[in-house]
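Peer 1: Here it is, the structure in full.
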Amino acid sequence: MTQGVQVAGIYVRDQDEALAFYVDKLGFQVHTDVRNGDYRWLTVQHPDQLSFQLGLLLPGPPVHDEATAQALHAMVAKGAMPALVLEVDDCRAAYERMRALGVEFTQEPVDRYGTVDAGFRDPSGNGWKMIQTRG
């Protein structure tokens, strides 16, 4: 039997803003974008990792009440959610390209642990580590 994680989600404050960030700045592509009333199921995927989708989820109904949605928005904005990891071939080159596109970096590329890593945030506040593939 084959098993694996197909979708992992993150909370965003605005799905259109998040979609533009992940597609235009990180190079992801839209996998699914469907609506059921006010609810929108939106996933993107990296073009080199087609078996995995990242859900760009808006806190709120029908999953959360208003108070919970507000608390989740506040936690994301503060950078309190666990960091995500993006693997790249060349961290410094990716940093320069993404910075030129307006990505907010929290850490410039640093040599450590036998590789290079940098940190950035998406427009909602979700933290990312960008780690260079070990060669």
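For the sequence shown, position 12 (counting from the first letter as 1) is numbered 12 according to UniProt numbering, and the numbering increases by one without interruption.
Glycine is no exception: its CB is placed at the ideal position from the N, C-alpha and C atoms.
In this text the structure is predicted, and so the values were computed from the model without any measurement.
#1: Can you tell which of V12, T2 and P62 has the C-alpha that lies nearest to the C-alpha of G127?
#2: Whose C-beta lies closer than 6 angstroms to the C-beta of P109 among residues of the same chain, with five residues either side of it excluded?
#3: Excluding the 5 residues preceding and the 5 following K25 in the sequence, name in chain order all residues of the same chain whose CB lies nearer than 8 angstroms to its CB.
#4: Compute the Euclidean distance between the alpha carbons of G55 and T133, then round it to the nearest angstrom.
#5: Would Q53 pass as a contact of Q6 if the rule is Cβ separation under 8 angstroms?
#6: Can you list, in chain order, the residues of its chain whose CB lies under 7 angstroms from that of H73, leaving out five sequence neighbours each side?
#7: How is R13 classed by DSSP in three states: helix, strand or coil?
#8: Compare the C-alpha of G114 against each of G135, I10, K129 and M130 and name the closest.
#9: Can you find a C-beta in chain B that's less than 8 angstroms from the C-beta of N126?
#10: How should M1 be labelled, buried or exposed, when 16 other C-beta atoms within 10 angstroms of its C-beta is the threshold for buried?
#11: Where do the N-terminal and C-terminal ends of the alpha helix (DSSP H) with T68 fall, by residue?
#12: Using the Cβ count rule (16 or more neighbours within 10 Å means buried), how would you classify S51?
#13: With distances taken from CA atoms, which of I131, R121, F105 and D122 is nearest residue 208?
#14: Note down, in chain order, each residue of its chain lying with its Cβ closer than 6 angstroms to the Cβ of Q107, except the 5 sequence neighbours on either side.
Peer 2: Quick answer:
#1: In the sequence shown, residue 127 corresponds to position 127, counting from 1. By alpha-carbon distance to G127, the top candidate from V12, T2 and P62 is V12.
#2: Numbered from 1 along the sequence shown, position 109 holds the residue referred to as residue 109. C91, R92, Y95, V116 and A118.
#3: In the sequence shown, the residue the question calls residue 25 occupies position 25. Excluding residues up to 5 positions away in sequence, M98, L101, G102 and V103 lie with their Cβ nearer than 8 angstroms to the Cβ of K25 in the same chain.
#4: In the sequence shown, the residue the question calls residue 55 occupies position 55. In the sequence shown, the residue the question calls residue 133 occupies position 133. Going from the Cα of G55 to the Cα of T133 covers about 24 angstroms.
#5: Mapped onto the sequence shown, residue 53 falls at position 53. Mapped onto the sequence shown, residue 6 falls at position 6. Yes.
#6: Numbered from 1 along the sequence shown, position 73 holds the residue referred to as residue 73. Contacts found: R13 and P59.
#7: Here residue 13 refers to the residue found at position 13 when the sequence shown is read from its first residue. In this structure, R13 counts as coil in the three-state DSSP scheme.
#8: One-based indexing of the sequence shown puts residue 114 at position 114. Nearest C-alpha to G114: G135.
#9: No chain B is part of this structure, which consists of one protein chain only.
#10: Taking the sequence shown and counting its residues from 1, one reaches residue 1 at position 1. Residue burial annotation: M1 is exposed, with fewer than 16 other C-beta atoms found within 10 angstroms of its C-beta.
#11: Within the sequence shown, numbered from 1, the residue matching residue 68 stands at position 68. Counting along the chain, the alpha helix (DSSP H) containing T68 begins and ends at E66 to A77.
#12: Here residue 51 corresponds to residue number 51 of the sequence shown, with the count starting at 1. The residue in question, S51, is exposed, as its Cβ has fewer than 16 Cβ neighbours within 10 Å.
#13: An answer regarding residue 208 cannot be provided, because it is not within the stretch 1 to 135 covered by the chain.
#14: Residue mapping note: residue 107 aligns to position 107 of the sequence shown, counting from 1. Around Q107: A118 and G119.
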